[in-house]
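Visitor:
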Amino acid sequence: MRIRLDPWPVDIEGGQLTLEPFDGTLIDIETPRWAAIPARPIPRQLSTVQVVDGKRRMEGRVFVEDDHGNVGTGGFGAYVVGAVSLCPHGSRAAELLDVRATRVLAHAPTLKLDATSLSPRNPHTGTLLYNPVPTDSADPMAPLHRLQALMLDAEQTLSHGYASLVPFEETDDREALTSLTLQDGTLRRGGATLGGAVVGYVKTMQTQYLSADRVGLLSDLKPGERTPILHMKSETGRSTRFTWYVRLSGAAFYQHPMSGVMRLEMYAPPEPDFLPPTVREVANLSGTLLMRLGSHAHKDPRAPQNLIPTAALEQAMGRSMGSADLVTRRIRAHIAGLQGVA
Amino acid sequence: MVLGTQDVTPVSFWFAVLPGASVQLDDLVAVQTRKPDGSFVNFYGIVDHVRTRHEGVTFDSDVQDVAAGLLPASVSYAARVLVTRVNPENFIPPQPGDGVRHARGDDLRMALSADKMGEKAFPGGLLADGQVLPINYRFVNGENGGHINISGISGVATKTSYALFLLHSIFRSGVMGTGASAGRALIFNVKGEDLLFLDKRNREVESREAQARAQKGLPDHRYALMGLPVEAFRDVQFLAPPRPGSAGAAIVPHVEQRGEGVTPFLYSLREFCARRMLPYVFVDRDASVNLGFVIGSIEERLYRMAQGADTPYLTVDDWQPDTEQVLDEDVRFDEMGSVRISTFAQLVAYLEYKLLDANDGEGDRKWVGKQSPATLQAFIRRLRGVQKHLTPLVRGDVSAEQAARFRPDPLKPGVQTTVVDIHTLSATAQMFIVGVLLRDLFEHKERVGRQDTVFVVLDELNKYAPRDGDSPIKDVLLDIAERGRSLGIILIGAQQTASEVERRIVSNAAIRVVGRLDLAEAERPEYRFLPQSFRARAGILQPGTMLVSQPDVPNPVLVNYPFPAWATRLDEVDDLNGRAVEDIGEDWLH
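Protein sequence lines correspond, in order, to chains F and E. Using my numbering, the first residue of the first sequence is number 74, and each one after it goes up by one. Using my numbering, the first residue of the second sequence is number 352, and each one after it goes up by one.
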């Protein structure tokens with residue numbers, strides 16, 4: 074019998090590896106030769122890499138009766154998106170960009186609410202302002218979904234705002250790749266129209282995209298090496314991506330052989346007839362870049378997939394939302410104040 | 352801004368230093384906090400700890416990622432403040448987020464309680480940022496407190512230099528007011544001939560001060576900042592023991608470097624007896640109780656013997672000195688058949704005769720009392736031991752006029768500072784001189800009262816007033832420490848280790864100063880007045896830097912003080928008196 078570990082902590086649902094089969098279509102867009110491609114150095118002109126992430130938190134589910142007698146559910150929540158800007162050549166200190174929490178009171182569409190400001194007891198600690206946002210439905214989970222959607226939208230806007238444009242026409246050589254954005258998770262639908270050089274990095278492998286004869290390469294990749302780029306169309310045909318795998322670190326003998334491997338994706342036009350040079354450039358440097366950004370197991374349980382800047386960003390985002398306990402207490406005090414018991 | 356992640360208390364708090372700002376140890380800062388009723392409370396304090404660290408990172412090795420530009424982190428620069436004053440005295444804590452600013456001008460005056468000192472402040476040195484530290488003269492001259500105690504390792508702590516700087520500051524800053532000319536100093540020079548050039552200008556002071564000014568970025572040289580003149584001590588008399596030699600030789604001061612201006616000092620044998628100096632010859636009075644009795648009774652006998660004449664020598668008529676002894680001790684018989692005792696050795700021989708030899712070895716019963724021969728022998732043995740050292744100092748072979756001229760008098764009219772050079776003397780003789788001079792001074796002040804403050808500068812207190820043991824000199828020092836301030840005698844004492852000095856002497860000092868300390872020494876209870884962080888720093892203080900603690904300011908303050916304006920060595924003496932060579936040449940040509 075042979076047993077090997079999923080390297081990620083057991084309380085992360087699904088672990089790093091789940092592997093369900095993929096029903097969409099995959100086309101070899103770079104080369105039909107299925108073999109490892111070595112990492113290339115990061116070109117000089119790429120001077121900025123942004124690592125973008127988002128986080129959200131539901132702080133209190135509420136039942137609201139507005140001034141017009143309407144009743145519905147809602148939720149006090151907060152989300153934050155932010156970026157770490159760094160130079161891939163290490164020529165300057167990394168910095169946090171735009172890490173700022175937004176607070177919303179997501180509520181059933183029937184309600185009419187004003188912005189809610191929660192004042193602290195101690196005037197030294199500032200006020201919390203919650204803006205009302207209507208949800209699509211009266212479903213009790215709707216406020217959470219609304220919050221999630223707001224966060225993802227903000228994340229996407231932020232990602233594309235930073236990145237260089239990706240020219241999708243063969244003749245288009247307007248812009249060199251000077252600024253690249255790494256975004257945590259798969260890319261969102263609709264982002265393609267924004268056109269930035271945004272790479273989604275998928276830390277877990279939930280879907281097995283590759284056929285059985287090709288999967289073996291993932292285990293054989295050496296650190297920094299990548300697979301050829303594929304053009305991928307989802308089963309519904311609504312989203313298309315360029316995708317490739319890259320290995321960040323070697324797998325220890327006790328780990329499953331695909332640990333340390335990450336899937337990357339970039340937006341692709343629906344018709345697989347052309348591989349933009351920028352995408353190939355990004356794929357070429359991805360191994361070098363991600364090996365540099367990858368964390369170590371003793372510092373991060375999700376190493377190396379959870380990148381060093383992401384870990385820092387997650388911490389900063391958590392901090393910008395403030396202590397959950399204190400916010401919950403503030404909400405309770407506010408409600409107590411409304412009912413005249415405080 | 353005051354930090355909220357550390358406890359904020361009315362006595363100590365941390366603050367964050369914003370980017371672009373800088374704070375160093377010993378900076379004085381001020382904070383204002385607003386009470387709920389709208390009134391303000393001001394906190395003043397001194398920075399005793401500064402640190403930077405990466406914030407937002409978890410592992411020590413993260414510093415590599417931060418430096419490589421991968422990991423965003425902020426540098427947290429924070430400083431801890433020990434509060435020295437709260438005004439009004441309203442001991443609430445400051446609030447996190449309150450602004451912290453450098454104390455300057457009025458803030459500084461408040462931080463150091465200079466407002467309480469008013470006219471009675473004199474400069475005690477410069478703070479790290481070039482501002483002047485005021486010291487409350489009321490705590491020096493005995494009005495509210497008195498005495499200054501300085502501790503530190505020899506050579507590095509420059510205790511004497513700081514003591515002299517304080518004297519210079521007291522004498523020349525005008526803090527003594529109208530009585531400025533009345534203040535006097537009695538300085539004991541215990542090592543080298545360092546202090547024998549106090550009245551000469553130092554030729555290096557200009558260049559050293561210019562250098563320090565450039566190094567510290569001060570607006571002016573340090574004397575000017577403190578409003579003190581750059582000048583040597585005025586109206587100084589130098590006293591040195593006479594060069595040991597055969598009796599009758601010329602009396603010249605025993606100094607090597609300084610050729611003129613040093614007066615030899617000595618006591619006549621008669622004074623020795625009449626003014627009861629015998630106990631000061633014995634350093635360890637408690638060696639045996641009986642010995643103490645012997646000393647007491649002989650002291651009384653000598654006192655009586657000295658009455659009735661005023662020659663420097665003594666005459667006795669009940670001694671037939673052993674002729675063998677006589678030869679080498681040069682005893683003279685005068686016309687009346689009595690014997691003249693004109694050297695200390697002869698006095699010892701006489702005492703030996705009276706105590707041990709007379710009456711066929713029984714001794715003169717009146718002198719012996721009921722003491723056992725063993726005790727008497729011990730007494731004589733000790734006297735013999737010190738005889739060589741005291742012979743040049745206590746003598747009867749001088750004329751009455753010489754005895755009067757060479758009698759040490761620190762209160763001589765026209766003299767402000769007296770330097771008594773005792774470094775050439777043996778330990779016993781040093782003790783004798785210090786003990787006798789201080790005793791005389793104390794008795795004089797007991798008669799005339801506290802006007803004319805006398806500052807006594809004495810290094811190596813641990814030698815004169817050790818923690819253990821008992822001696823007449825220690826008694827005098829204790830008297831000065833405990834009652835001296837009401838009589839106008841101020842002890843500026845120094846020692847390497849305060850832990851080895853009589854506790855009552857150190858604890859009576861209102862102003863305590865610490866230079867470089869041995870770290871083990873710094874942990875002793877005598878230094879508890881230093882907060883922990885200061886005790887650690889006392890181990891790294893450089894020469895010219897001192898920690899000064901005074902009653903008005905609850906925490907010690909680090910000061911540096913200027914290079915001496917007076918020469919401390921022969922080669923520092925400014926022969927040209929501060930003028931350029933060309934100017935002197937001009938004088939000669941005209």
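A virtual CB, placed ideally from N, CA and C, is assigned to each residue, including glycine. Just so you know, these numbers come straight off a predicted model, no measurement behind them.
Under 7 angstroms between beta-carbons, which chain F residues line up against residue 410 of chain E? List them in chain order, please.
Guide: 372
Visitor: Run through DSSP, which three-state label would residue 371 of chain F get?
Guide: DSSP, reduced to helix, strand and coil, places residue 371 of chain F outside both helices and strands of the structure shown, so it counts as coil.
Visitor: Apart from the five residues just before and just after residue 97 of chain F, which ones in its own chain have a Cβ nearer than 7 angstroms to its Cβ?
Guide: 305, 306, 307, 308
Visitor: Taking Cβ positions only, does residue 112 of chain F come closer than 9 angstroms to chain E?
Guide: Residue-level contact check: residue 112 of chain F does not touch chain E, since none of the beta carbons of chain E fall below 9 angstroms from its beta carbon.
Visitor: Spell out whether any CB of chain F is found under 9 angstroms from the CB atom of residue 506 of chain E.
Guide: no
Visitor: Using a Cβ-Cβ cut-off of 8 angstroms (strictly less than) and excluding sequence neighbours within five positions of residue 303 of chain F, which residues of its own chain qualify?
Guide: 99, 100, 101, 102, 103, 282, 315, 316, 317
Visitor: Mapping the DSSP letters down to three states, classify residue 677 of chain E as helix, strand or coil.
Guide: Legend: pLDDT at residue 677 of chain E = 49, less than 50; position of this residue unreliable, no value from coordinates given.
Visitor: Distance check for residue 642 of chain E and residue 723 of chain E, CA to CA, integer angstroms please.
Guide: 10 angstroms
Visitor: Closest Cβ-Cβ distance between residue 380 of chain E and chain F: below 9 angstroms?
Guide: no
Visitor: Take residue 363 of chain E as the anchor and find which of E:821, E:905, E:609 has the nearest alpha-carbon.
Guide: E:905
Visitor: From the beta carbon of residue 398 of chain F, is the nearest beta carbon of chain E less than 9 angstroms away?
Guide: No, no contact with chain E.
Visitor: What residues in its chain sit with their C-beta under 6 angstroms from that of residue 766 of chain E, if we drop five residues either side in the sequence?
Guide: Sequence-distant Cβ neighbours of residue 766 of chain E in its own chain, meaning closer than 6 angstroms and more than five residues away, are 586, 588.
Visitor: What residues in its chain sit with their C-beta under 8 angstroms from that of residue 186 of chain F, if we drop five residues either side in the sequence?
Guide: 137, 139, 147, 178, 180, 205
Visitor: Whose C-beta lies closer than 7 angstroms to the C-beta of residue 678 of chain E among residues of the same chain, with five residues either side of it excluded?
Guide: The pLDDT assigned to residue 678 of chain E is 45, lower than 50, so where the model puts this residue is not dependable; a value taken from the coordinates is nonetheless given after this. So the list is empty, once near-sequence residues are dropped.
Visitor: Measure the C-alpha to C-alpha separation of residue 751 of chain E and residue 565 of chain E and round it to an integer number of angstroms.
Guide: 57 angstroms
Visitor: Taking residue 886 of chain E as the reference, which of E:354, E:873, E:372 has the closest Cα?
Guide: E:873
Visitor: Using three-state DSSP, classify residue 100 of chain F as helix, strand or coil.
Guide: The answer is strand: DSSP assigns residue 100 of chain F an E or B state.
Visitor: Assuming residue 270 of chain F contacts residue 383 of chain F under a Cβ cut-off of 8 angstroms, what Cβ separation, rounded to an integer in Å, is found between them?
Guide: Their Cβ separation, rounded to whole angstroms, is 18 angstroms, which puts residue 270 of chain F and residue 383 of chain F out of contact at 8 angstroms.
Visitor: Got a sec? Which residues, its chain only, sit under 7 angstroms from residue 333 of chain F by beta carbon, not counting five neighbours each side?
Guide: 320, 321, 322, 323, 324, 377
Visitor: Just the chain C side, please: which residues come within less than 7 angstroms of residue 423 of chain E by C-beta, in chain order?
Guide: Chain labels in this structure do not include chain C; the protein chains are F and E.
Visitor: Is residue 348 of chain F close to chain E, meaning its C-beta is less than 9 angstroms from at least one C-beta of that chain?
Guide: With its beta carbon at least 9 angstroms from every one in chain E, residue 348 of chain F lies outside the interface.
Visitor: Report the three-state DSSP secondary structure of residue 712 of chain E (helix, strand or coil).
Guide: helix
Visitor: For the stretch 236-278 of chain F, list the beta strand (DSSP E) runs that are entirely contained and at least 3 residues long, ordered along the chain.
Guide: Listed in chain order, the complete beta strand (DSSP E) runs (minimum 3 residues) inside the stretch 236-278 of chain F are 252-257, 271-275.
Visitor: Does chain F have any CB closer than 9 angstroms to the CB of residue 429 of chain E?
Guide: no
Visitor: Using the Cα positions of residue 824 of chain E and residue 815 of chain E, report the straight-line distance between them to the nearest angstrom.
Guide: 6 angstroms
Visitor: Would you kindly work out how many angstroms separate the C-alpha atoms of residue 235 of chain F and residue 134 of chain F, rounded to a whole number?
Guide: Cα-Cα distance, rounded: 34 angstroms.
Visitor: On a CA-only basis, which of F:280, F:348, F:398 is nearest residue 92 of chain F? Give me that one, please.
Guide: Ranking the options by Cα distance to residue 92 of chain F, first place goes to F:280.
Visitor: Return the Cβ separation of residue 551 of chain E and residue 924 of chain E in integer angstroms, given the expectation that the two are a contact with Cβ distance under 8 angstroms.
Guide: About 4 angstroms separates the CB atoms of residue 551 of chain E and residue 924 of chain E; that is less than 8 angstroms, so the two are in contact.
Visitor: Using the Cα positions of residue 118 of chain F and residue 252 of chain F, report the straight-line distance between them to the nearest angstrom.
Guide: 9 angstroms
Visitor: Using CA atoms only, rank isn't needed, just tell me which of E:472, E:851, E:717, E:387 is closest to residue 445 of chain E.
Guide: E:387
Visitor: What three-state label does DSSP hand residue 1001 of chain E in the structure shown?
Guide: Limits of chain E in this structure are 352 at one end and 941 at the other, which puts residue 1001 of chain E out of reach.
Visitor: Are the beta-carbon atoms of residue 447 of chain E and residue 465 of chain E separated by less than 9 angstroms?
Guide: Contact: no.
Visitor: Strictly below 8 angstroms CB to CB, what residues from chain E border residue 366 of chain F?
Guide: 421
Visitor: Quick check on residue 316 of chain F: does DSSP put it in helix, strand or coil?
Guide: strand
Visitor: Who are the neighbours of residue 417 of chain E on chain F, taking C-beta pairs under 8 angstroms?
Guide: 166, 167
Visitor: Of the residues that make up the stretch 381-409 of chain E, which ones have a beta carbon closer than 8 angstroms to any beta carbon in chain F?
Guide: Flagged, chain order: 407, 408, 409.
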